[in-house]
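A quick write-up on the structure given underneath.
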């Protein structure tokens, strides 16, 4: 039997989740353990495949390092990490930062640059599409979310992960339009997707490319 962690709650069904290379089972409070393990056994092949993939992601994240001369993505294109005398970080045909930084410090410096680029570029795209869609968010914020590319609050404030700025510009636009559409529909109803499609008729292809970026980032450890 595959090792697993068990979480019981007031749910009605069993759920299997792979978290950091470990199987997590969520079950109703009173469900007998033999019934839980019977269900796990019935999903043995699925569990084995997902665990192997997840554990490979964990190993890749542990190995992820950055050094001067390496390349990182910005709007779908690769740019070099370069050293520049002084204490400043920024972007100019590459991610520049002070010399003699460790790998973790280089990653932190890149994140600083990514945040600046994301704030500038994503805000500009929000402004552009807000005019097109006739909506008005109250704010545009950049956060460190690892599992959500964007979100829209009840106060009409839009939040975007800095990681999104690694994506192609048309993929960035898809996430921007997605969140702006929530200013009109705070759900994922057919009406919501019609709003998205009116702004971006090819949104399905863009959405698929966003999944590809998600798979790549799952193998990179950016820390924050």
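Numbering (our numbering), first residue to last: 19 to 242. Ideal Cβ positions, reconstructed from N, Cα and C, are used throughout, including at glycine.
Residue span of the beta strand (DSSP E) that contains residue i, given as start and end
i: residue 183; result: Residue 183 -> no beta strand (DSSP E), and no H or E assigned at all.
i: residue 168; result: 168-170
i: residue 27; result: 22-27
i: residue 207; result: Segment: none, residue 207 is in no beta strand (DSSP E) and carries neither H nor E.
i: residue 90; result: 89-92
Range covered by the alpha helix (DSSP H) that runs through residue i
i: residue 127; result: 121-151
i: residue 16; result: Lying outside 19 to 242, the shown extent of the chain, residue 16 is not represented and no answer is given.
i: residue 114; result: Per DSSP, residue 114 belongs to no alpha helix (DSSP H); it is in the beta strand (DSSP E), 113-115.
i: residue 78; result: 62-81
Three-state secondary structure assigned by DSSP to residue i
i: residue 224; result: helix
i: residue 35; result: strand
i: residue 176; result: strand
i: residue 234; result: helix
i: residue 100; result: strand
i: residue 216; result: helix
i: residue 45; result: strand
i: residue 59; result: helix
i: residue 159; result: strand
Residue i and residue j closer than 8 Å at C-beta
i: residue 156; j: residue 137; result: no
i: residue 65; j: residue 20; result: yes
i: residue 128; j: residue 99; result: yes
i: residue 178; j: residue 140; result: yes
i: residue 103; j: residue 144; result: no
i: residue 239; j: residue 133; result: no
i: residue 75; j: residue 236; result: yes
i: residue 60; j: residue 38; result: no
i: residue 217; j: residue 147; result: yes
i: residue 135; j: residue 183; result: yes
i: residue 85; j: residue 124; result: yes
i: residue 209; j: residue 203; result: yes
i: residue 126; j: residue 241; result: yes
i: residue 168; j: residue 206; result: no
i: residue 227; j: residue 186; result: yes
**Asked** Taking one C-beta from the region 140-156 and one from the region 105-124 each time, how about it: are there three or more such pairs within less than 8 Å?
**Response** Judged by pairs of C-beta atoms under 8 Å, the region 140-156 does not touch the region 105-124, as fewer than three such pairs exist.
**Asked** Within the chosen definition, does the region 43-52 reach the region 21-30 through at least 3 CB pairs nearer than 8 Å?
**Response** Cβ pair count under 8 Å is three or more, so yes.
**Asked** On the three-pair Cβ rule with 8 Å, is the region 219-239 touching the region 186-206?
**Response** Yes, since at least three Cβ pairs between the region 219-239 and the region 186-206 fall closer than 8 Å, the two stretches touch.
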